[in-house]
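What follows is a short report on a single structure.
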Amino acid sequence: MRCPFCGNVDTQVKDSRPAEDHVAIRRRRFCPACGGRFTTYERVQLRDLVVVKSNGRREDFDRDKLERSVRISMQKRPIEPERIDQMVSGIVRRLESMGETDIPSKQIGEIVMERLAAIDTVAYVRFASVYKNFQATDDFEDFLAELVPPNPKPEA
Ligand SMILES: [Zn+2]
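Counting in UniProt numbering, the sequence shown runs from 1 upward without gaps.
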C-alpha cells in the first residue's frame with residue numbers, strides 16, 4: 001500500500017483488527033520513509049456498482065465519495081466516526097443486495113437520507129438541502145415544514 005504522504009510503496013502494517021461488526025478489517029499502517037501513519041479498511045466487494053445520474057451519465061460507485069458527503073453533513077455533530085462507517089457500510093450492503101449493478105443516484109440519495117434521518121436530524125437536513133439542490137429559499141422552508149424524521153429520538 002502506497003504511503004499517501006510521501007508515495008513510498010513499502011509501508012508496514014502495525015495492527016489489524018475486525019471493524020464494523022466483522023464486516024471490515026481495519027489496518028493501521030506506518031511508513032518507515034516519512035514516519036506517516038494511516039489507516040486502511042479491507043472489505044468484501046460483492047459486485048461493482050454503477051451510479052446512473054439524473055442526466056444519464058454513469059460512473060463507478062465510489063464508497064469514499066459517499067462517505068465524504070455523509071461526513072460533511074455530520075460535521076460538528078455528536079456522532080462517533082465508527083457510527084458513520086457502520087452507516088456507510090449498511091448503505092453499501094443494501095445497494096449490493098438490491099440485485100442490480102446500475103443504481104440511480106436518486107435512489108442512493110434517498111437511502112442515505114433515510115439512514116441519516118434515523119441518526120441525526122441536523123445532518124439529515126444538511127444532506128437533504130445539498131442533495132435536493134434547492135434553488136429557492138421558499139422550497140427549503142416548505143421542505144423543513146414537512147420534515148418528520150422516522151423514529152425521532154428524544155434529546156439525551
Ligand atoms: Zn511516507
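Quick reminder that beta carbons are idealized off the backbone N, C-alpha and C, glycines included.
Do residue j and residue i count as a contact pair if the criterion is CB distance below 7 angstroms?
| i | j | result |
| --- | --- | --- |
| V44 | R27 | no |
| V88 | E114 | no |
Comparing the C-beta of residue i with each C-beta of chain D, is any distance below 7 angstroms?
| i | result |
| --- | --- |
| T39 | Within the model displayed, chain D is absent; a lone protein chain is all it includes. |
Compute the beta-carbon to beta-carbon distance between residue i and residue j, rounded to the nearest angstrom, for a pair I have assumed lies under 8 angstroms.
| i | j | result |
| --- | --- | --- |
| S105 | V51 | 5 angstroms |
| M1 | T39 | Their Cβ separation, rounded to whole angstroms, is 11 angstroms, which puts M1 and T39 out of contact at 8 angstroms. |
| I119 | I79 | 7 angstroms |
| R37 | R29 | 7 angstroms |
When burial is assigned at 16 or more other CB atoms within 10 Å of the CB, is residue i buried or exposed?
| i | result |
| --- | --- |
| Q135 | Annotation note: pLDDT 44 at Q135 (below 50); position unreliable, coordinate value reported separately. With fewer than 16 other Cβ atoms within 10 Å, it is exposed. |
| I108 | buried |
| T137 | Residue confidence is low: T137 scores 46 on pLDDT, short of 50, so the model does not pin down where it sits. Its coordinate-derived value is still stated next. T137 should be labelled exposed. |
| C34 | exposed |
| V125 | buried |
| V112 | buried |
| D102 | exposed |
Any chance the CB of residue i is under 6 angstroms from a heavy atom of ligand 2?
| i | result |
| --- | --- |
| N8 | Of the ligands this structure carries, namely ligand 1, none is ligand 2. |
Would you tell me roughly how many angstroms separate the C-alpha atoms of residue i and residue j, rounded to the nearest one?
| i | j | result |
| --- | --- | --- |
| E110 | P32 | 43 angstroms |
| I91 | S54 | 20 angstroms |
| K65 | D21 | 22 angstroms |
| E42 | D48 | 15 angstroms |
| T121 | R63 | 23 angstroms |
| V130 | F5 | 31 angstroms |
| M74 | L95 | 21 angstroms |
| D10 | R83 | 31 angstroms |
| T59 | G7 | The amino acid occupying residue 59 in the given sequence is Glu; Thr does not appear at that position. In a straight line, the C-alpha of E59 is about 27 angstroms away from that of G7. |
| P81 | V23 | 16 angstroms |
| G99 | R71 | 27 angstroms |
| A123 | D15 | 32 angstroms |
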